[in-house]
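These notes concern the structure reproduced below.
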Amino acid sequence: MPRVPCKCGKDFATEAGLKQHLRRRYCKYRPEVGDQPASEDANKCTYCPRSFNTHAGLRQHVRLAHPDEYNNELERVADEIGKDKDSSRWSDAELIAMAKHEIKYKGHFINRHLHSIFPFRTQEAIKSRRLKADYKELILSLITEGTVARDVEEELEEEAAAVINIEPNNGGNRCERCGGRIGGGSGSGDSGADNRASRGVDPRRGLVGSGFSANIATDHH
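Using numbering that gives the first Met the number 0, the letters of the sequence shown map in sequence onto residues 0 to 220.
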């Protein structure tokens with residue numbers, strides 16, 4: 000069975016093989032240019048006057064002859080891919096976690112702070128996501144439901160308990176009127192009246208006639 004030749008010198012067993020060969024752009028005689036070799040202007044280097052028959056040859060040239068420019072091109076492509084990924088692949092758990100951190104944070108430069116917690120997200124991606132309506136609704140929902148408020152309250156209580164050690168006052172509190180103690184134990188019921196009586200002074204002296212009755216003076220506790 001005769002083989003199917005190509006003008007570049009190669010031949011193939013079938014027409015389909017020839018068409019596949021031409022589609023891969025390896026051949027100088029692609030259908031879009033008829034019987035003429037592909038124009039080298041289509042694969043001209045942007046960094047020097049050289050041009051190539053194929054795009055693969057051009058890329059190989061740029062990689063070897065212009066490594067800095069080649070790496071810059073790769074970084075630009077990676078940045079574009081990263082932006083698309085950041086904008087479309089935020090999980091619900093990730094958004095909730097970021098929203099909670101945002102509500103708790105009271106400092107400045109919130110995007111920088113969130114980036115330190117989520118380093119795999121760029122500050123620009125975080126800023127862009129925070130501006131979306133669904134994220135703002137999530138923030139409002141968490142505040143309204145009190146999910147974060149309860150967490151913050153518990154943290155504040157724990158911090159306060161660690162800093163301020165309040166012990167019970169077994170002696171009770173002192174009365175502002177008579178100087179006696181209120182709420183103490185059974186053995187600590189010394190009042191101002193008892194102190195005055197022990198000194199031979201009428202316990203009601205100084206109270207009656209000063210806006211207090213005798214009963215009020217002795218029974219106000």
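A virtual CB, placed ideally from N, CA and C, is assigned to each residue, including glycine.
Predicted model only: the values in this text are computed from it and were never measured.
> Can you tell me where the alpha helix (DSSP H) with residue 45 in it begins and where it stops?
Replying inline: Within the sequence shown, numbered from 1, the residue matching residue 45 stands at position 46. No alpha helix (DSSP H) contains residue 45, which DSSP labels as neither H nor E.
> residue 138 and residue 101 look like a contact to me (Cβ under 8 Å); what is the Cβ gap, rounded to whole Å?
Replying inline: Position 139 of the sequence shown, counting from 1, holds the residue named residue 138. Position 102 of the sequence shown, counting from 1, holds the residue named residue 101. At roughly 7 Å, the Cβ-Cβ gap stays under 8 Å, so residue 138 and residue 101 are in contact.
> For residue 63, does the count of other Cβ atoms within 10 angstroms reach 16, so buried, or fall short, so exposed?
Replying inline: As a first step, residue 63 must be located in the sequence shown, where it is residue number 64. Within 10 angstroms of the beta-carbon of residue 63 lie fewer than 16 other beta-carbons, which makes it exposed.
> Looking only at C-alpha atoms, which of 10, 97, 54 sits nearest to residue 141?
Replying inline: Mapped onto the sequence shown, residue 141 falls at position 142. The option with the nearest alpha carbon to residue 141 is 97.
> What residue from 45, 122, 95 has the CA that sits closest to residue 72's CA?
Replying inline: The sequence position of residue 72 within the sequence shown is 73, counting from 1. Minimum Cα distance to residue 72 is reached at 45.
> For the candidate residues 5, 13, 18, 134, whose alpha-carbon lies nearest to that of residue 91?
Replying inline: For this step, residue 91 is matched to residue 92 along the sequence shown. For the residues 5, 13, 18, 134, the minimum Cα distance to residue 91 belongs to 134.
> Taking the alpha helix (DSSP H) that residue 90 falls in, what are its first and last residues?
Replying inline: Position 91 of the sequence shown holds residue 90. Element bounds for residue 90: n/a, residue is neither H nor E.
>> Taking the alpha-carbon of residue 56 as reference, which of 154, 43, 115 has the nearest alpha-carbon?
In response: Locating residue 56 in the sequence shown gives position 57, where the first residue counts as 1. Out of 154, 43, 115, 43 has the C-alpha closest to the C-alpha of residue 56.
> Quick one: what's got a C-beta closer than 7 Å to residue 113's C-beta in the same chain, skipping five residues either side?
Replying inline: Position 114 of the sequence shown, counted from the start, is the residue given in the question as residue 113. Only 97, 100, 101, 125 meet the Cβ criterion.
> Can you tell which of 74, 89, 3 has the C-alpha that lies nearest to the C-alpha of residue 131?
Replying inline: Position 132 of the sequence shown holds residue 131. Ranking the options by Cα distance to residue 131, first place goes to 89.
>> Rounded to the nearest angstrom, what separates residue 67 and residue 129 at their Cα positions?
In response: Here residue 67 refers to the residue found at position 68 when the sequence shown is read from its first residue. Here residue 129 refers to the residue found at position 130 when the sequence shown is read from its first residue. Linking residue 67 to residue 129 through their CA atoms gives a straight-line distance of about 35 Å.
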